[in-house]
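Going by this note's numbering, the sequence shown opens with residue 585, and the numbers climb by one from there. Beneath this line is the structure, given in structure tokens, with notes to follow.
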Amino acid sequence: MPQDRSREALLASQLLSGLPGQVQNRLLPLLIPTTFIRGQTLREPDIVNDYAFFITKGLVSYFDEAPGLCTGVMVGREGLVGYSCLLNERHVTFLRAIALFGGSALRISVSDLRLLATQLPPLRDRLMRYVEAMMAQNAQLAACNGQHDLLPRCARWLLMAHDRMGDEDLLITHEYLSSILGARRPAITNMLCELEREGLLERGRGHVRVRNRAGLEGVVCRCYHRIMNEFARLRCEPPRAVAAD
Ligand SMILES: [Zn+2]
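Here it is, written out as structure tokens:
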């Protein structure tokens with residue numbers, strides 16, 4: 585049954601799974617399960633997009649029009665691609681949303697989502713808190729990229745991706761990390777080798793696997809914990825203490 589599939593997918597969305605049952609029931613008929621492949625564009629810049637996507641698996645990031653210029657902002661199973669439609673139905677997106685890793689999502693029309701958000705306060709509150717968390721993430725990433733060293737920034741990216749992907753291998757090349765982190769490829773390779781020697785990750789051909797989360801958390805900058813706390817607050821989970829760098 586299509587709606588059974590939608591309910592199963594809904595529970596995989598961290599943004600939707602904790603909502604009251606009656607809110608989920610109103611959403612279900614409007615959610616279309618869909619899949620996307622690596623490199624697929626989910627949201628185009630400079631046009632009005634008709635759909636938003638609750639991600640249930642995979643990872644999406646936002647890119648500038650300049651080739652390969654990644655903002656580092658990521659959306660996985662905790663989030664919604666196209667959240668700016670909540671602020672203005674006819675909003676023209678500033679950035680392009682592209683899948684870093686293939687996955688799945690629940691697609692919903694912007695007009696349906698906006699209508700339900702006005703009718704269902706628990707949904708509206710959850711979505712507005714998500715917008716707030718994304719604004720916090722964007723600001724923290726800007727500060728991080730300008731002030732913190734490559735190693736803690738790389739650990740931050742790996743941990744954020746791992747949170748969103750679970751224990752799956754991160755299908756990412758050194759070249760790609762180099763573009764995301766704004767560093768030269770040899771520096772990325774040296775750093776990954778060092779992290780591998782310390783047993784924190786395992787490198788493969790075109791992929792990285794996190795081996796020791798606690799170890800990575802030992803080298804990451806405080807930006808990671810600050811961002812994660814914002815998303816924990818969204819799910820009404822207690823924040824973790826954030827130590828100074
Ligand atoms: Zn940082």
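Glycine residues also receive a C-beta, built at the ideal position from the N, C-alpha and C atoms.
CA nearest to the CA of residue i, picked from the options
i	options	result
G750	R795, C728, I772 and R680	R795
I616	G788, D630 and L697	L697
S688	A596, R817 and Y760	A596
T677	V657, G666, L684 and R810	G666
I534	C669, R680 and R713	Summary: the structure shown does not reach residue 534, with the chain confined to residues 585 through 829, and so no result is reported for it.
R819	S645, E662 and V803	E662
S645	H791, Q724 and V659	V659
C738	V792, R824, P629 and R817	V792
L653	G783, G605, S763 and A636	S763
L679	R713, A701, I631 and L711	I631
V607	R710, W741 and E673	R710
E814	A723, F685 and V804	A723
L612	D588, F620, T618 and T619	D588
L664	R768, L600 and G686	L600
D753	P604, G686 and A636	G686
L614	P629, L603, P604 and A636	A636
L725	I756, R674, R797 and H809	H809
Q703	N729, R610 and F647	R610
T640	S590, R817 and R824	S590
Segment limits, alpha helix (DSSP H) that includes residue i
i	result
I621	Element bounds for I621: n/a, residue is neither H nor E.
A727	P705 to Q731
G806	Before going on, a small fix: residue 806 reads as Arg here, not Gly. Taken as a continuous stretch (DSSP letters only), the alpha helix (DSSP H) holding R806 covers R806 to L818.
Y760	H758 to L765
I772	R769 to R781
G799	R797 to V803
Distance between beta carbons of residue j and residue i, contact taken as under 8 angstroms
i	j	result
V657	Q598	With 8 angstroms as the limit, V657 and Q598 do not qualify as a contact, their Cβ atoms being about 17 angstroms apart.
A830	R627	What is shown of the chain runs 585 to 829, which leaves residue 830 out entirely.
A683	G642	6 angstroms
V715	D634	Contact flag wrong, Cβ pair sits at about 19 angstroms.
G799	G783	7 angstroms
L690	F638	4 angstroms
A727	C807	7 angstroms
E786	E778	Not confirmed; about 13 angstroms, so no contact.
L734	A767	5 angstroms
L742	H758	Not really, about 13 angstroms apart at Cβ, beyond 8 angstroms.
P736	V803	6 angstroms
L755	I772	Incorrect: roughly 16 angstroms between the Cβ atoms, too far for contact.
Buried/exposed call for residue i, threshold 16 Cβ in 10 Å
i	result
D747	buried
L707	buried
T625	exposed
L671	exposed
R740	buried
V826	exposed
M830	Not covered by the structure: residue 830. The range shown for the chain is 585 to 829.
T619	exposed
M719	exposed
N-terminal and C-terminal residue of the beta strand (DSSP E) that residue i is part of
i	result
G788	L785 to G788
R691	R680 to S693
G750	From DSSP, G750 is part of no beta strand (DSSP E); its letter is neither H nor E.
V564	Residue 564 is absent from the model: the chain starts at 585 and stops at 829.
R793	H791 to V794
L635	One point to set straight first is that residue 635 is Tyr, not Leu, in the sequence displayed. Run containing Y635: Y635 to F647, per the beta strand (DSSP E) assignment.
T655	C654 to V659
Residues whose Cβ lies closer than 5 angstroms to any heavy atom of ligand 1, in chain order: One residue list follows from the rule of a beta carbon closer than 5 angstroms to any heavy atom of ligand 1, given in chain order as C728, H732, C805 and C807.
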